């Protein structure tokens, strides 16, 4: 792995974590190129007009495979109310029966039901790893883990413009897992790409709404205005022009 200082933060953070783990002997180079390929593939698929839900589901699937998680969920979150909704999910073939239940569209109030997750989202922007047997869980979260046979969970913040607007949760119902630094960095890279996709979707919808409002104002104005391009050629005639002058637009 040569110098990569020119790479975007998603790539750079992941590769830096891989280097440190390789140097300490904690891992070989077996997983680094696979992880980088996944990150690159997802980055290339992100565009303002790309359908969001299939992209989120693909991100969840890749994260499940890389972490060997039994299920992964992509959720939004409202900092003011603590409300959260599942936007996308991937359920592996090794999940429990309760895990396999359809969750997309389901809403939760983290502030009331899973306070430690809501507190984490409010105060930090780093991964959160919880373990059923080791972590000091609230009664409600412990009960949820036990009902779904979740042994460990990794939570990853989704932040847009330095504001946390969601999170990804990866569950393992087979065994408790201690996540490595490269796994954490890979998860954060996926979360950052997810944030970019969600931000692009919001921008795209915002531009569409602005265009519709502007078109409505233009088409309903009574002022005879004309739009010209850089050569002075008429690019667009507001309908009022034809009414005032009495000539057709063509």
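Residue numbers (this note's numbering): 657 to 906.
From the three backbone atoms N, C-alpha and C, an ideal C-beta is built for every residue, glycine too.
These numbers come from a predicted model, not from an experiment.
- By the 16-neighbour rule on beta-carbons within 10 angstroms, residue 828 is buried.
- In this structure, 729 is the residue among 729, 723, 817 with its C-alpha nearest to the C-alpha of residue 713.
- Shown here, residue 799 sits in a helix according to DSSP, grouped into three states.
- In this structure, residue 810 and residue 783 form a Cβ contact; the two beta carbons are roughly 6 Å apart against a cut-off of 8 Å.
- Nearest Cα to residue 738 within the set 695, 768, 758: 768.
- Each of 824, 779, 773 was checked against the Cα of residue 797, and the nearest Cα belongs to 773.
- By a beta-carbon distance limit of 8 Å, residue 715 contacts residue 849. Their separation comes to about 7 Å.
- In the DSSP annotation of this structure, residue 805 is not part of any beta strand (DSSP E), being labelled neither H nor E.
- For residue 739, there is no enclosing alpha helix (DSSP H); the enclosing beta strand (DSSP E) has its first and last residue at 739-747.
- Proximity to residue 734 across 700, 778, 804 peaks at 778, based on C-alpha coordinates.
- A straight line joining the alpha-carbon of residue 711 with that of residue 842 spans about 17 Å.
- Taking a contact as a CB-CB distance under 8 Å, the pair residue 702 and residue 853 counts as one, their CB atoms being some 5 Å apart.
- Residue nearest to residue 745 within the set 823, 830, 885 is 823 (criterion: CA-CA distance).
- Within the same chain, Cβ atoms closer than 6 Å to the Cβ of residue 760 are found at 742, 745, the five residues on either side in sequence being excluded.
- Using a 10 angstroms sphere on the CB of residue 799, the tally of other CB atoms stays under 16, which defines it as exposed.
- For residue 819, the enclosing beta strand (DSSP E) stretches over residues 819-828.
- Ranking 709, 722, 707, 708 by CA distance to the CA of residue 695 puts 722 first.
- Counting C-beta atoms within 10 angstroms of its own C-beta, residue 736 has fewer than 16 neighbours from the protein chains shown and is therefore classed as exposed.
- Between residue 825 and residue 762, the alpha-carbon positions lie close to 14 Å from each other.
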